[in-house]
Structures are given as C-alpha cells and as structure tokens.
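Residue numbers (our numbering): -1 to 972.
Okay, here's the thing in structure tokens:
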C-alpha cells in the first residue's frame, strides 16, 4: 500500500506532458486581448516533489507567509541563497544516471499568482476561448487554474499552452504552478550551462475570439533569377492576407507572385502585412528569401553564404536565462556592430522575441532544438534516450514545438536537431518530421557525421589542418557527406585569453568554397554576479560535481563588455578587406559581403608619422559588388623626415542604420610607407662611457648597479627592482587545455618542468673585455644561468649594459642548455617600478587592446595611453593578459624604453605569480610595485580549452635569441 498523498508520477514519465494544446506559430501581437502574468509571485520551496499536497492550488489557500519571487526568473538566483543555489556542469548529470528516474531530493517550487481580468477583457461569447501560455519553465511543471488541474509539461525552453476559457472569472483567479527542478525531461536537457529551475520566461493569458487566427505558416520565397517573390500564407482559419506596400490582398492559401526586394542578413528587407480572420488581425513581418542546398552548398537567394557566427546561450549575470527585451536587443546590436552575421541558438530555441530582432536587424539563425544528452557519453551512450523508442514522442514534441513556433521567421535558415545527443532512431524521427513539415530549410546536427539525416556536414573544434583536408575532399566519409558543405558549428573556444587562430580559420573559409564558415563558441561568459567573488563560476556554490570556469567561455564578459576575443573576431570577419595594393601608393579594397555592394560605406585615409596622425581625408572607392576588388590610389604621404610613416584606411557607415550610427567603423587596414629607423645605439666602438666601480656600486652613465650581483638599481634616477629574464606567464585556460584532450597540453607540462619557479644563478659580473663582447671595457656584462630546480634544462643568459652617457642599452643574449622538449611561455625581461610614481603608460605600437602572436589581427599601430589598471583584461578566472604587440617604445614611471626589435609590453600591479594563484578577480589586490614585462617573444594562445592548441608557427621554442632595450628618462611629449 502506498502512503504517498501527492501524485508525482508525471515527473518521471518520459512523455512530454498532458493537457497542452498542439504547438502553433508564435506572433508578437494581435488585436486580440492579452494579459501578462509576469511580476511578483508567491513561492513555497520544498525539498522533494511530493513534500506538499495539492491544497495550495485551491482558491482561498492562505499563502500570506510564503516568500515572493519575480517571474520570469529562477528561484535559485533570488532570495540571497534562501532558495538554494545554482549548479554548473558541462556534461555530467548532477544526479545518478538512471533514466527516467531522478533523485528523491528534487527541489520543488509551488508558485501562486492571483489575478483579475482587466475591465476591458472581452465578455464570454460563443466560440471564444482563452489560452494560458508558458514560454519557458525548467524543468517540469504542473498547472492548476482556480483549483482545476489542467495538465503538466516538460521541455524547458519551449512554449506550452492550455485552453482555460471555461475556468476564468472576472476577479480572483488563482493560477498555481508546481515546478520541479528534476524530471525525466532533465535527461534531454544536459546542455553545458547552469542548472537553474523556475518559470524563467513569460507567462501570458491570451484571449482567443471565435474565428481567431490559430496556426499559420508564412511561405515567402524569392526567385533570384526573376527578382520575384511568391507569398502564400496557409492558415487554420480562413482569412485574407494584405501587404499594402506591395498591393497584395489575397485569400489565405492563395499564392501571389510579384517583384520584391529580398531579405538577407545583410539587407533585412521586411514587408509589413496583416493576416485577417473572422476574429483576429495579426501583424506579419514578411521577408522574401529562399534557402536551398545546391551545388553542394547552402545557398540563400541563389548565393552561397559564409557564416561568421557565434553560439549564443541566453545569459544575464543576475537573472540567468530570464532575459528582458533590452538585453536581447543589446545582444543583436553588439553582434551587428562586431560584424557577426549568424547565430546558432545553442542549445535550445531562444526567447521568441530574439528571433523578431534577428528578422529586423539581419542575422542568419540556426535554430536548435532543446535536446542534449551529453552525459550518456560516460557510459558509452548506453540507454541514451535518443536511441530509445520510449522517448521518441518527447523528442518529436520538442521538434514540433520549435518548428511550429519559429517557422515564420525569415532569419531562421536552418533547423538543428539539438547538440551532443549521440545518434539514434529518435533523432532520425525528428529529422524526418522536420523535413516533411518544412522542406524549405536544411536540417543540421553535428553528431550525424555520415549526414544520413542532415543536409550539412557539421563538426566542432576541428584543427586547421583537418578543416583544410575536408575542404580538399581528402577526409573520406560517405558519398552523401562528401557532397555537402562543411560548417563548424563550434570552433575557436573563447574561454579566457583567446581564442587564437581565428585569422587562420577565416583564411581557410575564404579560400575553399566547401567551407561555409562557422560559429565561435560562445557569445557570453556565464558568470553569476557575486558580492565577494565578482563573478562566480562552477564550484563557487559548493556543487558536488562541477566543471569550474568552463562556463565562462564567451566573447563577452558577463556584463556584456566585449572581450579582446570579440574585438579580434570583429577584425578577422570584416566584410571589407583593406590591404596594401600591388602598386606602390595604392590600397586594395575587396568586398567580402555575400549580397551587399559597398555603396553604404564611405572610406577615409589618414597618414601617421611615428604614430601621430598628420593628415586625414576622404578616399574615393567604387561601390564594389560582392567579391569584387579594386586598387585605389592613396593620397600622397607626408614627408616623415626619417620617421616611420604608415597609412590607415577605414570603411565607415555613410548613414545611420538601425544598428549603428553614421561613422561607425566597419573595417580598417594599415600599411607601411617608410619603416622604423634604427634604435639609438647608446654606445659605439670606443665612444661610450665606461662602468665606474665605487664600493658596492657600479655606475654606467645614468644607471647604477649592485657591484656583487650586477643587478641594476636605478636608471635615470628611477628605482628599478628585480630586473631579470622571465619565461613564465600565468597560464591561460587555453594553455592548460581540457583534460579529455589527447593533444599535448603545454600548461601542465610547463608546471611539471618548473617554469613557474625558475632559479637565477649569477655566473660572473665584469666589464666587457676579451670573450665578453664588450669594447675596451665599455660594457657591464652579467652572465647568469636560469633553470628550474630538479631539472637539467636551463637558459644561459648574458646581460650586456652599455651607455653613451644619456642612454643605457641592455642587450640580452639567451642560449638554451639541455634538452628542451616544450616551448617557452614567454621570453623577455621583467622588472618592478614604484607604483606611487608610475602614472599613466604611453606607448607607440599595437593597441589599444591586448594581442598575442595568434590574436593580433585587431592590434592597430598607433600612439596610445592608459592607466595601469586599464591595461588589465578582467577575465573571470585571472590569467595571462594585457600584452601589447609590436611596441616601438613605451613610457611609464619616468622611464622611456625603446626596443630593438619591436617587443611585447605588459604592465600590471601584481606579479605573474600572484596572477597565477588568483581564482577570481577579487583575489587580486594592487601592491606597491608595478611589474613590467618587455618580451622578445610570446607563445601563441590557441583554443585548447576545448579545441586545438596554437598552430606550430606560433610556438615559442627554446632557441638562441638576442634582443635589446634602450632606457632613458621619460620625455615630456614622447
């Protein structure tokens, strides 16, 4: 005999639910009445699914002592921890894998909302009804209205509707929703993100008058040969479709063909129309476009498209996946302004308003179903729901709810079955249903490597070399697969500092037709704002299982500030290529758009002399068609008087657009006119000053040294602390890599070798003479050996100081000793300056942001200035950051430093060791010293946190090296 008093069998039932209406098209508005039920709700939280009975759903239940939460919202992100805590896992289920069963400990939130109908709510009439709509609830909900049980559902990121007209009353309606964190549906929702229960999307009451629109399907194709579009709107309810701008007035189901302007992500032309039935008028936004798989390529309006995309989870650092319209609009505007043209809605359909914005502003969308069963990989996919017929109805339900909701969006050009869900009969059933329901869009799924069910060959995190093998048809595979385009649904894992290698990927995409681009993983860091930690990540809430900061792997920081990775991506995917022309004094401009010409852009050219702009003017560039190039003569360059001169050409919006104002920079390029002059020698053969010993001190021009160790103490009156060779950097997420990867991960090997604890042994201190490279004793020469304890590998280092009396030159020679089998993190010198007198930093070189060998496309040559705190990049997990590339000279703390050759410059208010030890930004507290790194070379970044490491040409192998720096007092004007 069972003693349970509350029915909860539905929680572990594999079926999608009970009582819901069939899925249908979603539209933003109509002339039918609606009532938002968002706002403050009462909440009672229980530890188990059956802890409380159903009495709370009855009218009159006293919930006065219940807590309150905001809907949409997640209860674990409200109440300052009173309602539990978030949990993050990448792919491990945070409960035993025993489908369809979930733990008895199943946080359950009983939600109550009492509402009145507005005074103007239509009075009941024959044929009228009302629909209660939930746009998103995680993970399972049971619903009562005025004490009547109306059903339950699963499918967290999908809409569910109930017919409730007969249950409504003018006032005092009681809506009760019981939400369970875990359910059978959780096995289908193992996406790489926080587990966040709650009613996190809108709840709406919709009046459905007799003769209302119901479901409808807008078919709006475009014939690129004739320039005509064909419109047909299929509707459950008969009615008429009008498009005033086109003079269209036709019955539903009746096609009409006429000349139109097509929709594309570059030119998102929408026509406003109306679907009018007997009981409702629904505004339509119609975009004419045709998607087809032709010649082995995905084509839109007859042209192959190149996806310059991102994967977008929904995220807000305080509200989680409960996004407001302004946040969604901000995402779209940021994408457009950073040249992103495509979004994969990883790994679930987004809030429907996001797709409205994609239609309006122009983004290609791969709409992905709310399906992922990644955790089953731990048992070699045994019992995977996607290959278990019992789960197929739930899978088909999820596919249908996505397709029916979003089918009228021109921005949606591809359906995706889900992500990392293995293979199986259920996925095949989904693909078959989608192909049947909407044959006008291709179907995507990365796990289908033979492309049996899908229309594109999709892979994630392929190394560059493998991408090229696929492009050249050398990868093998089924005949069908070899005839399909390759799309990297995920690549360039943007975790921490990186991703590196973006420009190299883009070069491949643009070289080979079969490559149709990809989607960077991912859009935004999922950090949760935290009063002590800044932003929290996995493990910060005491989770039993977690994957640390793997949840912070986006191109945006949690507050939506663009990271250096997004700035780099913006440059790499510019729709206009600007580079030096073949003829002297010319620039080559190439239109990399797929559809638009360059008539919407204006071009400017400026010349810089030693980084200072000397002149700027308009540049006449023809309105090149897509794919066309032209060489344009540049204005005559100014006479630099022996200084370095370069040009900068910028492509700007000529007029204001919906997504950016006039003058917004779309693309830029630079080129040299005259190159950098030689760096001052600071001494010549027999012309320099000599080192002078005075007790424990040696003086050489404006510098002083410790006579015993040879360590520099002051330069030009500025105290210098601890100057010596440095090879260590606080390992990045991409240095450390992912533990499941078979590739060599250098971060752990660097630690194993001991590069983070190098010892410095002074071998000799003396003046230059025979065998030391000094000229007649003009140089102070310090020889050292730098090596880790317990290892034979080391670096022989010679520091050679010379001076002409005003300048001091340090020449560094490095010779590897022993068998080096790993590259170095960096190679250069480090020293400290008094933070109290450091002031701002000025430099002539790459900027304004950070750059590394394989992330330097966006580094723009110029003169820059910043305070030391502003040179730091606030990665959620602290790591190496802030290097500026191609620096000619830098000034800070009273010193001017010139490099021979150019160098990488870093200044930070803490040591690399302290940066390495920090786990959150709040662990870093500025000290009394600013630590400066002048690097001859840096190891590349790559994207090995979930992808390939740096390409071989970006590796910093231990080889003999020589480099110099010239120090002097800081100049007033630089």
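Note that the Cβ used here is the ideal one computed from N, Cα and C, for glycine as well.
Fair warning: this is a prediction, and the values are worked out from it, not measured in the lab.
Closest by C-alpha distance to residue i, when choosing among the options
i           : options               : result
residue 938 : 599, 721 and 499      : 499
residue 314 : 208, 198 and 49       : 198
residue 766 : 488, 461 and 681      : 681
residue 660 : 667, 786, 651 and 856 : 651
residue 91  : 894, 543 and 952      : 543
residue 164 : 144, 963 and 342      : 144
residue 157 : 148, 142, 476 and 130 : 130
residue 418 : 630, 374 and 432      : 374
residue 919 : 907, 926, 293 and 928 : 907
residue 609 : 840, 702 and 915      : 840
CA-to-CA distance, residue j to residue i, given in whole angstroms
i           : j           : result
residue 955 : residue 22  : 59 Å
residue 731 : residue 510 : 31 Å
residue 873 : residue 725 : 21 Å
residue 776 : residue 708 : 15 Å
residue 88  : residue 537 : 12 Å
residue 195 : residue 863 : 46 Å
residue 902 : residue 876 : 20 Å
residue 254 : residue 439 : 21 Å
residue 690 : residue 853 : 45 Å
residue 436 : residue 401 : 8 Å
residue 484 : residue 337 : 21 Å
residue 93  : residue 503 : 38 Å
residue 272 : residue 559 : 39 Å
residue 19  : residue 65  : 31 Å
residue 15  : residue 395 : 10 Å
residue 134 : residue 166 : 22 Å
residue 968 : residue 891 : 8 Å
Neighbourhood of residue i by C-beta, 6 Å cutoff - its chain only, sequence neighbours within 5 removed
i           : result
residue 297 : 290
residue 316 : 527
residue 98  : 10, 12 and 182
residue 604 : 611, 614 and 646
residue 185 : 97 and 383
residue 981 : Nothing can be reported for residue 981: it is not among the residues displayed for the chain, which extend from -1 to 972.
residue 770 : With a pLDDT of 41 at residue 770, under the threshold of 50, the modelled position of this residue cannot be trusted; read the value that follows with caution. So the list reads 779, once near-sequence residues are dropped.
residue 393 : 424 and 428
residue 791 : 816 and 818
residue 6   : 47 and 48
residue 318 : 72, 75 and 194
residue 8   : 150
residue 657 : 331, 334 and 359
residue 743 : 735
Burial state of residue i, where buried means 16 or more other Cβ atoms lie within 10 Å
i           : result
residue 772 : Since pLDDT at residue 772 reaches only 43, below the 50 mark, its modelled position is unreliable, and the value read off the structure follows with that caveat. Residue 772 should be labelled buried.
residue 372 : buried
residue 34  : exposed
residue 859 : buried
residue 260 : buried
residue 768 : Interpretation of residue 768 is limited by its pLDDT of 39, a score under 50 that renders its predicted location unreliable; the figure taken from the coordinates is listed afterwards. It is exposed - the Cβ of residue 768 has fewer than 16 other Cβ atoms within 10 Å.
residue 698 : buried
residue 759 : exposed
residue 472 : exposed
residue 250 : buried
residue 905 : buried
residue 369 : buried
residue 107 : buried
residue 188 : buried
8 Å Cβ shell around residue i - same chain, five flanking residues per side excluded
i           : result
residue 114 : 168, 169, 170 and 171
residue 664 : 337, 572, 573, 574, 599, 649, 650 and 651
Contact set for residue i: own chain, Cβ-Cβ below 7 Å, skip 5 residues either direction
i           : result
residue 507 : 304, 513 and 515
* Asked: On the three-pair Cβ rule with 8 Å, is the stretch 345 to 365 touching the stretch 376 to 391?
  -> Judged by Cβ distances under 8 Å, the stretch 345 to 365 makes no contact with the stretch 376 to 391, as fewer than three pairs qualify.
* To do: Count the CB pairs spanning the stretch 844 to 851 and the stretch 864 to 884 that are closer than 8 Å, and state whether there are at least three.
  => They touch, by the three-pair rule.
* Is the number of C-beta pairs between the stretch 668 to 681 and the stretch 627 to 643 that are closer than 8 Å three or more? -> Yes: the two stretches touch, three or more of their Cβ pairs being nearer than 8 Å.
* Asked: Does the pairing of the stretch 216 to 226 with the stretch 411 to 424 give three or more beta-carbon distances under 8 Å?
  -> Per the Cβ contact rule, the stretch 216 to 226 is not in contact with the stretch 411 to 424 (fewer than 3 Cβ pairs under 8 Å).
* Asked: Can at least three beta-carbon pairs, one atom from the stretch 113 to 127 and one from the stretch 202 to 214, be found at a separation below 8 Å?
  -> The stretch 113 to 127 vs the stretch 202 to 214: in contact.
* To do: Would you be able to state if there are at least three C-beta pairs under 8 Å between the stretch 954 to 969 and the stretch 786 to 806?
  => Yes, the stretch 786 to 806 is in contact with the stretch 954 to 969.
* Asked: How do the stretch 327 to 342 and the stretch 296 to 312 stand: do at least 3 beta-carbon pairs fall below 8 Å, yes or no?
  -> The stretch 296 to 312 and the stretch 327 to 342 touch, with three or more beta-carbon pairs separated by less than 8 Å.
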